[in-house]
Structures are given as C-alpha cells and as structure tokens.
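Peer 1: Take a look at the following structure, please.
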Amino acid sequence: ILVDADSTQDVTTTASVVAITAAIGVAGAGGDAGTLVQGSVEAFARNSTLNAGSQAVIIDADSTHDSLTQAIGGAGAVGAAVAAMIATAEMDGATRAYADGTLTVSAGTFSVTANSTVTADPFAQSVAIGFVGGGAGLNVEASIGRITEAYVGTRSGVTPTTQTTVDVVGGP
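Counting in our numbering, the final residue of the sequence shown is number 177, and the numbers go up one at a time with none missing.
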C-alpha cells in the first residue's frame with residue numbers, strides 16, 4: 006500500500022526597469038520583484054485499517070520548491086541618475102507524511118517519510134550613470150520557513166485525543 010504526495014514548484018519572477026534622460030536633469034529607476042511561495046504537501050492515513058499482508062505500507066511526501074527572483078534596473082542621465090532595485094524570495098508552507106487517529110496497520114514493513122528541498126534565490130542588479138553624479142542601490146532578501154515532518158501518532162506539541170496503534174506483522 007502506497008500513500009504518496011509529490012509536488013514540484015519552480016517560480017521565476019523578474020522586474021526590469023530603465024530610465025534615461027537626454028536633457029539636463031535627473032533620471033530615476035526603481036523596481037521591486039517579490040516571490041512568495043506557500044503550499045502544503047501531505048500524505049497521510051487517518052482513522053484507517055491498512056492491511057498489506059506481508060507487503061509494505063509506505064506513507065511518503067516529497068516536495069521541491071525553487072524560486073528565482075530577479076530585479077534588474079538602470080538609470081542614465083546628462084545630469085544625475087539614481088537607480089534602486091529590490092528582490093525578495095520567501096518560501097513558506099509544509100511537507101508532511103503521517104499516520105494518526107484510530108489507525109491499525111498490518112504489514113511486512115511500515116515506513117513514514119517526508120522530504121523537502123527548497124531554494125530561494127533572489128538576485129538584484131542596479132546601475133546608475135550620470136555626468137553630474139549617480140547613485141545605485143539594491144536590497145536582496147531570502148526567507149525560508151517551510152516545515153518538513155514525518156510522524157506516527159500525534160504531532161509534537163499537540164495533545165493526543167486518540168490512541169494510534171501500529172501492528173507490523175511478518176516483518177524481518
């Protein structure tokens with residue numbers, strides 16, 4: 006018996022800006038690219054009887070999340086030029102595999118696994134060219150707050166409300 010959940014998310018976000026002035030004056034360019042990826046991937050058996058004989062019962066959740074966030078900009082002026090770029094990538098959510106509730110498992114082998122791979126890759130480039138003066142700035146932030154859990158019974162930190170029974174028979 007296989008209880009399986011798999012997810013792959015690849016997100017690319019790009020902000021590109023350019024400001025140019027040929028007159029004597031100021032050119033300004035600014036851009037903000039942000040990515041927020043949230044989602045839950047769960048494989049579970051709850052309040053069930055799973056009978057696989059001498060075969061395996063496998064509960065497995067796997068996820069891969071990739072975020073590329075790009076902010077690219079520039080300003081050019083005969084006078085002054087200013088460019089500012091911001092790139093943020095935030096990855097939240099959960100990947101869980103579990104067996105809970107009133108559950109009885111009869112199998113040769115029993116496994117509960119969860120795997121998660123996360124990449125948050127922000128990139129920013131800012132250029133300013135001015136004959137009088139120029140200034141360029143950037144801010145790049147990455148945040149990963151995903152939870153990866155595999156458990157049998159009640160989650161850590163949660164008060165049990167029922168008993169979970171796992172009976173693995175015929176195993177090695």
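Idealized CB from N, CA, C, for every residue including glycine.
Three Cβ pairs or more, each shorter than 8 Å: is that satisfied between the segment 144 to 154 and the segment 88 to 108?
Peer 2: Contact holds: three or more Cβ-Cβ distances are below 8 Å.
Peer 1: Indicate the three-state DSSP secondary structure (helix, strand or coil) for R101 in the structure shown.
Peer 2: The answer is strand: DSSP assigns R101 an E or B state.
Peer 1: Assign R160 to one of two classes, buried (16 or more other C-beta atoms within 10 Å of its C-beta) or exposed (fewer than that).
Peer 2: Under this definition R160 is an exposed residue.
Peer 1: For Q43, report the span of its beta strand (DSSP E) as first-last.
Peer 2: Taken as a continuous stretch (DSSP letters only), Q43 belongs to no beta strand (DSSP E), as it is neither H nor E.
Peer 1: Between which two residues does the beta strand (DSSP E) holding V62 run?
Peer 2: Where V62 is concerned, the enclosing beta strand (DSSP E) stretches over 61 to 82.
Peer 1: Would you mind sorting T118 into buried or exposed? The rule is 16 or more other CB atoms within 10 Å of its CB.
Peer 2: Label assigned to T118: exposed.
Peer 1: When you compare each of Q43, G39, I64 to R51 by their alpha carbons, which one comes out closest?
Peer 2: With distances taken between Cα atoms, R51 lies closest to I64.
Peer 1: Take the Cβ of P177 as the centre, count every other Cβ of all protein chains shown within 10 Å, and call the residue buried at 16 or more, exposed below.
Peer 2: Low local confidence applies: a pLDDT of 49 at P177 is under 50, so the model's placement there is unreliable, with the coordinate-based value given in what follows. Exposed, by the Cβ-count rule.
Peer 1: In whole angstroms, give me the CA-to-CA distance for T54 and V110.
Peer 2: Answer to the nearest angstrom: the Cα atoms are 6 Å apart.
Peer 1: As a quick exercise: from Q130, S116, A27, T122, pick the residue whose alpha carbon is nearest that of S21.
Peer 2: Measuring from the Cα of S21, the nearest candidate turns out to be Q130.
Peer 1: In the structure shown, what three-state DSSP assignment does T159 receive?
Peer 2: Coil.
Peer 1: Let me know the secondary structure DSSP gives I6 once reduced to three states.
Peer 2: If DSSP states are grouped into helix, strand and coil, I6 belongs with coil.
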